[in-house]
Amino acid sequence: MNRDEPELMGTSSIPAQFTEAELKLLQVLVYQECGMHFDERRTHFLQDRLQRRLKECHLDSFYSYYRLLISKEGKDELAKLLENLTVNETSFFRNKAQLDLFHKHILDDLIRRKQAQRDYSLRVWSAGCSTGQEPYTLAMLIADSLAYYYLRNPQSAAVPSPKPLVPPPWKVEIIASDISYSVLRTAQEGTYSETQMASVDYSYRLRYFDKTGERYAIKKALKEIVHFDFHNLKTEYLPQRNDVIFCRNVMMYFDEAEQKRLLKKFARCLNLQGYLFVGHAESLLALTDKFTMVHRNSGTAYQKVEVSG
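-9 is the number of the first residue of the sequence shown in the working numbering; add one for each residue after it.
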């Protein structure tokens, strides 16, 4: 979802600008709550979002708003502020090179290894899932890959018709999380406009969506393997035992120290030889020794490695 450009507030009682000390107080609070870091380049964005929240709360000074944020009664407002500080831009099948790497190489590797171990579970975490296009895309790609299981498995003829989306004995779970309750509600609803469906081709629309009027709804079978939940990446209570983690265009909100802490958490949350995807403009270079880069045809991911000591 693309957020609108900053607009003029039209309320003279709200400060046009905030002092450096006031912004610093807010930056520290936000950093402590969720790890997001705002440098000088994003001062205008921060001021704009702060003005919007003051107007919404009918407050006319920074300190009255700050006192609300740190009070017991201000928990809901703090959550709304954090929602407003993230830019929830997303789309189906975003970054084709990465998804080709996931679909054509990494899923094949995972399925092959798990079959050899007689482990028929796949668990993927979409961290920072926004309005749901990413986890639903991953669900479609996994369903496609497992469809070939019917062709390779001699027992597939015994599976009743119509065949289930996930062939037994496979079990697939996609955890999709975000810090914004509002985008999670949209994601759980799972309905999208024609504009939002622009990157979804006809075959995927036919197999995985039901059209009602001008909206496209995720089919029930696909929806059932995606589970949405609120998660703050600053905390230690994160989904465990994942085969793959997608956390794209999230680390750019963090400073280097917080990025390093987050990567340690991701390493703990991944199974042995699990994979991590970050944004195409993000890199793990010099941040961690717990991953090695996997690169094919312009697509990049990182595989967890065992570090001695």
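Yeah, the Cβ is synthetic: ideal placement off N, Cα and C, and Gly gets one too.
The region 242 to 268 is shown to contain whole alpha helix (DSSP H) runs of 4 or more residues at 246 to 259, in chain order. From the listed residues Leu262, Pro125, Asp99, Asp219, the smallest Cα separation to Phe281 is found for Leu262.
When the beta-carbon positions are compared, Leu141 and Trp160 stay at least 8 Å from each other. About 6 Å separates the beta carbon of Ser116 from that of Leu128, a gap short enough to meet the 8 Å contact definition. The alpha carbon of Phe236 has as its nearest neighbour, out of Arg113, Gly203, Leu15, the alpha carbon of Arg113. Secondary structure of Gly122 (DSSP, three-state): coil. Rounded to the nearest angstrom, the Cβ distance from Gly269 to Ala87 is 12 Å, too far for a contact under 8 Å. Assignment of beta-bridge partners to Val114 by DSSP yields Ile164, Val234. The three-state secondary structure of Gly289, taken from DSSP, is strand. Restricting attention to Tyr194, Arg102, Cys259, Val18, the CA atom closest to the CA of Leu59 is found in Val18. For the 8 Å CB-CB criterion, Ser193 and Ser81 do not form a contact.
Taken in chain order, the complete alpha helix (DSSP H) segments of 4 or more residues contained in the region 23 to 47 are 33 to 47. Each of Tyr171, Lys209, Glu184, Ala166 was checked against the Cα of Leu196, and the nearest Cα belongs to Lys209. A straight-line Cα-Cα distance of about 13 Å links Tyr126 and Leu155. With contacts defined as CB atoms closer than 8 Å, Leu72 and Cys24 qualify as a contacting pair. A Cβ-Cβ distance of about 5 Å is found for the pair Met187 and Tyr206, placing them in contact under the 8 Å criterion.
The beta carbon of Cys259 sits closer than 8 Å to those of Trp115, Leu228, Pro229, Gln230, Arg231, Asn232, Ile235, all from its chain and outside the five residues before and after it, given in chain order. Between Thr225 and Val173 the beta-carbon gap is near 18 Å, outside 8 Å, which marks them as no contact. Annotation: the continuous alpha helix (DSSP H) that includes Tyr56 extends over 52 to 59. The C-beta separation of Ala133 from Leu40 comes to about 43 Å, leaving the pair out of contact by the 8 Å criterion. Residue pairing by DSSP places Lys294 opposite Phe281 in a beta bridge. Pairing Leu91 with Leu131 gives a Cβ-Cβ distance that is not under 8 Å. In the displayed model, Ala207 falls within a strand according to three-state DSSP. In the DSSP secondary-structure assignment, Asp200 is bridged to Ala207. For Asp66, the enclosing alpha helix (DSSP H) covers residues 65 to 74.
Here the C-alpha atom of Thr176 lies approximately 16 Å from the C-alpha atom of Glu184.
Burial state of Lys294 is buried, judged by a 10 Å Cβ sphere holding 16 or more other Cβ atoms. According to the DSSP secondary-structure assignment, Tyr182 is paired through a beta bridge with Tyr206.
The continuous beta strand (DSSP E) containing Asp219 extends over residues 216 to 220. In the DSSP assignment, Lys153 falls outside any alpha helix (DSSP H) and carries neither an H nor an E. Put simply, the backbone Cα of Tyr21 is about 20 Å away from that of Leu44.
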